[in-house]
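Participant:
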Amino acid sequence: MEQLKKNEAFGGPEGPVVLVVMDGVGIGKNPESDFVKIANTPNLDWLREHAIYTEVKAHGVAVGLPDDGDMGNSEVGHNAIGCGRVFAQGAALVGDAIASGSMYEGSVWQELIANVNDKGSALHFIGLFSDGNVHSNINHLEAMLLKAKEQGVKKARIHPLIDGRDVPPTSVLEYVERFDAFLADINADGSVDYCVASGGGRMNITMDRYDADWSMVDRGWKAHVKAEATPFASMKEAIEQFRANKPGILDQDLPAFVIERDGAPVGPIVDGDSVIFFNFRGDRSLEITKAFEADEITEFDRGPKPNVIYAGMMQYDGDLGVPEKYLVTPPAIDRTMSEYLSNAGVKQFAISETQKYGHVTYFFNGNNSGKFATETWMEIPSDVCPFENAPVMKAVEITDEVVKAIEGGEYKFIRLNFPNGDMVGHTGVFDAVKVAVEAVDAGVGRIMEAVKQANGIMVCSADHGNSDDMCELDKKTGELKLNEEGKCKPKTAHSLNPVPAIVYDPSGVSKARKADVADAGIANLAATCITLLGYVPPADYTPSIVEVG
Ligand code: 3PG
Ligand code: CO
23 MEQLKKNEAF GGPEGPVVLV VMDGVGIGKN PESDFVKIAN TPNLDWLREH AIYTEVKAHG
83 VAVGLPDDGD MGNSEVGHNA IGCGRVFAQG AALVGDAIAS GSMYEGSVWQ ELIANVNDKG
143 SALHFIGLFS DGNVHSNINH LEAMLLKAKE QGVKKARIHP LIDGRDVPPT SVLEYVERFD
203 AFLADINADG SVDYCVASGG GRMNITMDRY DADWSMVDRG WKAHVKAEAT PFASMKEAIE
263 QFRANKPGIL DQDLPAFVIE RDGAPVGPIV DGDSVIFFNF RGDRSLEITK AFEADEITEF
323 DRGPKPNVIY AGMMQYDGDL GVPEKYLVTP PAIDRTMSEY LSNAGVKQFA ISETQKYGHV
383 TYFFNGNNSG KFATETWMEI PSDVCPFENA PVMKAVEITD EVVKAIEGGE YKFIRLNFPN
443 GDMVGHTGVF DAVKVAVEAV DAGVGRIMEA VKQANGIMVC SADHGNSDDM CELDKKTGEL
503 KLNEEGKCKP KTAHSLNPVP AIVYDPSGVS KARKADVADA GIANLAATCI TLLGYVPPAD
563 YTPSIVEVG
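FYI, the numbering for the sequence shown is 23 to 571, going by my numbering.
(1) Rounded to whole angstroms, what is the Cα-Cα separation between residue 478 and residue 493?
(2) Starting from the N-terminal end, write out each residue whose C-beta falls within a distance shorter than 6 Å of any non-hydrogen atom of the ligand CO.
(3) On the premise that residue 113 lies in contact with residue 134, defined as a C-beta separation below 8 Å, what is that separation, rounded to the nearest angstrom?
(4) So residue 459 is in the alpha helix (DSSP H); what residue range does that whole segment cover?
(5) Relative to the C-alpha of residue 296, which residue among 105, 132, 48 is closest?
(6) Rank 311, 143, 377, 78 by C-alpha distance to the C-alpha of residue 225 and give the top, closest one.
(7) In the DSSP assignment, find the alpha helix (DSSP H) that holds residue 139 and state where it starts and stops.
(8) Going by C-alpha to C-alpha distance, which of 191, 329, 356, 563 sits closest to residue 247?
(9) Report the three-state DSSP secondary structure of residue 41 (helix, strand or coil).
(10) Counting pairs of beta carbons, one from the stretch 199–217 and one from the stretch 114–125, are three or more of them closer than 8 Å?
(11) Can you tell me the Cβ-Cβ gap for residue 585 and residue 65, rounded? I've got them flagged as a contact below 8 Å.
(12) Kindly examine the ligand 3PG and report whether one of its heavy atoms sits closer than 7 Å to the Cβ of residue 107.
(13) Do residue 558 and residue 155 come within 8 Å of each other at the CB atom, strictly closer than that value?
(14) So who's on the other strand from residue 397, going by DSSP bridges?
(15) Return yes when the C-beta of residue 188 is under 7 Å from any heavy atom of the ligand 3PG, and no when it is not.
(16) Which one of 361, 338, 220, 360 has the shortest CA to CA distance from residue 350?
(17) Can you give me the Cβ contacts of residue 39 inside the same chain, cut-off strictly under 6 Å, excluding the 5 residues immediately before and after it?
(18) Assuming residue 459 contacts residue 525 under a Cβ cut-off of 8 Å, what Cβ separation, rounded to an integer in Å, is found between them?
(19) Is residue 70 near the ligand 3PG - that is, is its Cβ less than 7 Å away from at least one heavy atom of it?
(20) Start and end of the alpha helix (DSSP H) containing residue 105?
(21) Quick check on the DSSP output: what are the complete beta strand (DSSP E) runs of length 3 or more inside the stretch 235–268, in order along the chain?
(22) Measure the C-alpha to C-alpha separation of residue 397 and residue 249 and round it to an integer number of angstroms.
(23) Can you list the alpha helix (DSSP H) stretches of 4 or more residues lying completely in the stretch 331–362, in chain order?
(24) Compute the distance between the beta-carbons of residue 511 and residue 505, then report whether it is under 8 Å.
(25) Cβ of residue 228 within 8 Å of Cβ of residue 183?
(26) On a Cα-Cα basis, can you pick out the residue from 189, 170, 240 that is closest to residue 572?
(27) Quick check: the Cα distance between residue 324 and residue 281, rounded to an integer number of angstroms?
(28) When you compare each of 310, 283, 292 to residue 239 by their alpha carbons, which one comes out closest?
(29) Mark residue 108 as exposed unless 16 or more other C-beta atoms lie within 10 angstroms of its C-beta, in which case mark it buried.
(30) Note down, in chain order, each residue of its chain lying with its Cβ closer than 7 Å to the Cβ of residue 383, except the 5 sequence neighbours on either side.
(31) Out of 191, 110, 476, 83, state which residue places its alpha-carbon closest to the alpha-carbon of residue 93.
(32) For residue 536, decide whether its Cβ has a neighbour in chain B, counting only Cβ atoms nearer than 8 Å.
(33) Verify whether the separation of the beta carbon atoms of residue 443 and residue 188 is less than 8 Å.
(34) Looking at residue 35: is its Cβ nearer than 8 Å to the Cβ of residue 513?
(35) Distance check for residue 390 and residue 342, CA to CA, integer angstroms please.
(36) Could you tell me if residue 70 is buried or exposed, where buried requires 16 or more neighbouring beta carbons within 10 angstroms of its beta carbon?
Dropping the structure here:
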């Protein structure tokens, strides 16, 4: 790959360029719902008035999703920011591979099917049970089941992970109703036996990420593989019982369940079976994949590993080559900003806390866990607790390290992620979201000061919105949904809103660029940072939002 060219007219600032990703902090539309506005944010307010301030897109086709009805998410967001271009992402690639049938022509699909057809064993599907299109899509699950039936698979077992985080917080029964009807239909001619076998809330079982809490994988393994969890006759019954036991519980937190028929679990995973983990996104797929693939595992007491053929929907980590078998090839994200800067000898520092550490490293570098030569990565351990109880999270500790890195003078490019606006936004607890956004604002304020002292430049943006849109809207009327007390109903998912793109440059060397950026998205941030560092961005990167000199 070519080297970055130096900009003859501008050699970069004396201090570093600092890229702040305020996770889940977008620009809201409804005053009641916009907790970025409701929070007290003197620093962001000042920047809006006095810095270079633009709105950029962070959802839909601007970040490689199938259409503009798709909200952004941290994977596609950090991919776009880090690689400066828009690639068709997992949701689009899997949708296309299924629609065209190319997925079923691949050797992995054929091996999974031949295995169960030869042995008369079960085909299992584990994955997130919604149409959120962030980690998975229930449409993909249904399409694969139809194809499996067509190809002679007699026994399928589904292990739904209940969402409520990328879709409305207590919406699971809508998906259950739809899926029960689907199953009734597919089973109607009596030629196959397809049913739900185990499941649970996605923040309770299976979908941990970045080694934050392996006990989730332990509970998932017990439910899916060993059929050890509370038994019920149906998924609907399980959900209703859990809700009665703990009124107000969110879908994402529901406990694990197992489905029994005639006193026995219907679908433990046993030797000879095939297993498809049908999430396409990697972060929350890597741990359960390790549990199925690794010969030895120390993170939890797995017990004997059944001898199965396991495949992921997609390759989750290009650098480690995980999983071994996958159904769809991920976007070929190459020539990331980190690689260009590394080749140019620019020292880089990346930091966040556990919950978003992989976002600012692995996602930022195109879903590769390998570091480039000039990069240093730092992880601050996250609390293991519901984040509504600790909404400041590790914002202070992250800021301390960033300020140290700015003052230290070693790094020319510093990138960080403040998770608060997103992680607390996902809890739907309004008061906590306000505190979370205020913690981010305070961190931004301290970074501004350090950047100013060091004669650097700060770029401040977000990967997608969340805390800017905290209330459910009625899809038909567009009005706020109210609960029995007349209060807004919390929304836990990301928003479709644009995000700020702020350049704070006390030296005044940079100016907002008007040409070719009318439709700018967060992918334009890579060229922006490269420009501010004194280089000419690669020709195929989406353009910088500023010009220098
Ligand atoms: C999650 O994984 O927590 C949500 O589905 C998406 O959140 P993120 O894209 O901000 O990580
Ligand atoms: Co999120």
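Glycine included, C-beta positions come from ideal geometry on N, C-alpha and C.
Facilitator: If we stick to the structure as given:
(1) Their backbone Cα atoms lie some 38 Å apart in a straight line.
(2) This criterion selects 46, 96, 444, 448, 488, 516.
(3) So it is not a contact: roughly 22 Å between Cβ atoms.
(4) Where residue 459 is concerned, the enclosing alpha helix (DSSP H) stretches over 452–475.
(5) Selected option, being the one with the closest Cα: 132.
(6) Ranked by Cα distance from residue 225, the first of 311, 143, 377, 78 is 377.
(7) Here the alpha helix (DSSP H) through residue 139 covers 129–141.
(8) Considering only alpha carbons, the answer is 329.
(9) Residue 41 falls in the strand class under three-state DSSP.
(10) Too few Cβ pairs lie closer than 8 Å, so no.
(11) As shown, the chain starts at 23 and ends at 571. That puts residue 585 outside it, with no answer to give.
(12) Checking the Cβ of residue 107 against the ligand 3PG gives no.
(13) Contact annotation: residue 155 and residue 558 have beta-carbon atoms that are not nearer than 8 Å.
(14) In the DSSP assignment, residue 397 is bridged to 370.
(15) Residue 188 Cβ: within cutoff of the ligand 3PG.
(16) It is 338 whose Cα lies nearest to the Cα of residue 350.
(17) Around residue 39: 435, 479, 551, 554, 555.
(18) The beta-carbon separation of residue 459 and residue 525, rounded to 21 Å, does not stay under the 8 Å limit for a contact.
(19) Checking the Cβ of residue 70 against the ligand 3PG gives no.
(20) Membership of residue 105 in the alpha helix (DSSP H) is indicated by the continuous run 96–105.
(21) Entirely contained in the stretch 235–268, the beta strand (DSSP E) runs reaching 3 residues are, in chain order, 252–254.
(22) For residue 397 and residue 249, the distance between alpha carbons rounds to 44 Å.
(23) With a minimum length of 4 residues, no continuous alpha helix (DSSP H) run stays inside the stretch 331–362.
(24) The answer is yes: Cβ separation under 8 Å.
(25) The Cβ-Cβ distance between residue 228 and residue 183 falls below 8 Å.
(26) Since the displayed the chain opens at 23 and closes at 571, residue 572 lies outside it and no answer follows.
(27) Rounded to whole angstroms, residue 324 and residue 281 show a C-alpha spacing of 21 Å.
(28) Cα-wise, what sits closest to residue 239 is 310.
(29) Buried, since its Cβ has 16 or more Cβ neighbours within 10 Å.
(30) Answer for residue 383: 372, 399, listed in chain order.
(31) Nearest Cα to residue 93 within the set 191, 110, 476, 83: 83.
(32) The structure shown contains no chain B; it holds only a single protein chain.
(33) No, Cβ-Cβ distance for residue 443 and residue 188 is not below 8 Å.
(34) No, Cβ-Cβ distance for residue 35 and residue 513 is not below 8 Å.
(35) If you take the alpha carbons of residue 342 and residue 390, they lie about 8 Å apart.
(36) So residue 70 counts as exposed.
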